[in-house]
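This report concerns only the one structure given below.
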Amino acid sequence: MPPKTRARVSKRTANSDDAGEKVGGKRKAAASESGKTEERSEPPQYCHWLMKSEPESRFENGIDVKFGIEDLKALPDQTGCWDGVRNYQARNFMRQMKNEQLAFFYHSNCKEPGIAGVMKVDVQYQRMLKRFLPLSELKKYHLQHRATGGPLKDMALFTRARLSVQPLTTEEFDFVLSLEDEEPL
DNA sequence: GCCAACGTTGGC
DNA sequence: GCCAACGTTGGC
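Numbering (this note's numbering), first residue to last: 2 to 186.
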C-alpha cells in the first residue's frame, strides 16, 4: 500500500469498523442504508464518478486529512488509495467501480470547492481540468438545467449533497468535461 | 464558526 | 420498524 493517503477521512468513534473492506462483519445491519435503493434490485451500472476530498489541512484526532489532487499527483506513480469512506452508500458505490473508470476529483471543505481534475478509480492521477470548475458554477448549471431539463438537472452533487462518493451518468460526465472549454458562467 | 441538511443510532 | 436524538458533512 502506497504511503498514507487519506481522503475524506473522518473517524467515527462508535462503530468505527473499517472503512473499506469487510462489511461482512457488520453487526446490526446498520439500520439505514445497507443497500436500500442503490444496488438492491438492479444496479444501474455507472461508469463515471465524483469523489470528494479535502485539499486543505484539517486535523482529526491528530491526523491531517489533507489530500488534494496535487497530493495524489505527487505520490509515486501518481497513484494512491482512497480510504476513510464510511458511509454505506459511498462504500457500495466504490464496490461497483471498475479499474480504469474515470472519476472527477472534487475539492471539498475548502476555500473554493469544486472539481479540480480527473483520476482513474484505481486512484491514479490523470490530469487537471483546463480550468477549475467551482461548485458555484456547477450549481448555476444545475439550477438552470432543473428548469430547462439539461444534463445536470439530477446531478448527485446537488441532489445527494453529503455523499462523498457519487456516480455520474455519461451525460453528466461529458457535460461537466465540456465546461473546461467554456468561459466561466 | 455557524448551522442546515441529513445520515446513524438506539430505545421503544 | 418507527422516530427522536445525536453526530457529521460541508457550504457559507
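Glycine included, every Cβ here is placed at the ideal spot set by N, Cα and C.
- Residue environment: PHE68 is assigned as buried (16 or more neighbouring CB atoms within 10 Å of its CB, all protein chains considered).
- Between LEU153 and GLU184 the beta-carbon gap is near 17 Å, outside 8 Å, which marks them as no contact.
- At a Cβ-Cβ threshold of 7 Å, GLY115 and PHE133 count as neighbours.
- Going by C-alpha positions, CYS111 is about 18 Å away from LEU130.
- Residue pairing from DSSP leaves TYR89 without any beta-bridge partner.
- Taking all protein chains in view, the Cβ of ASP84 is crowded by 16 or more other Cβ atoms within 10 Å, so the residue is classified as buried.
- LYS53 sits buried, since 16 or more C-beta atoms from the chains shown fall within 10 Å of its C-beta.
- Residue environment analysis places GLN46 among the exposed positions, since fewer than 16 neighbouring C-beta atoms fall within 10 angstroms of its C-beta.
- For ASP78, the closest of TYR142, HIS146 and LYS121 by C-alpha to C-alpha distance is LYS121.
- The DSSP assignment places complete alpha helix (DSSP H) segments of no fewer than 4 residues inside the segment 46-89 at 70-74, in order along the chain.
- By the neighbour-count criterion, in which 16 or more other beta carbons inside 10 Å mark a residue as buried, LEU73 falls on the buried side.
- When the beta-carbon positions are compared, TRP50 and ALA117 stay at least 7 Å from each other.
- For the options TYR126, PRO168, ASP182 and VAL119, the alpha carbon positioned closest to that of MET98 is the one of PRO168.
- Looking at the backbone, the Cα of PHE106 and that of PHE176 are separated by about 16 Å.
- Classified as buried, GLY81 has 16 or more neighbouring CB atoms from the shown chains inside 10 Å of its CB.
- According to the DSSP assignment, VAL177 belongs to the alpha helix (DSSP H) that extends over 171-179.
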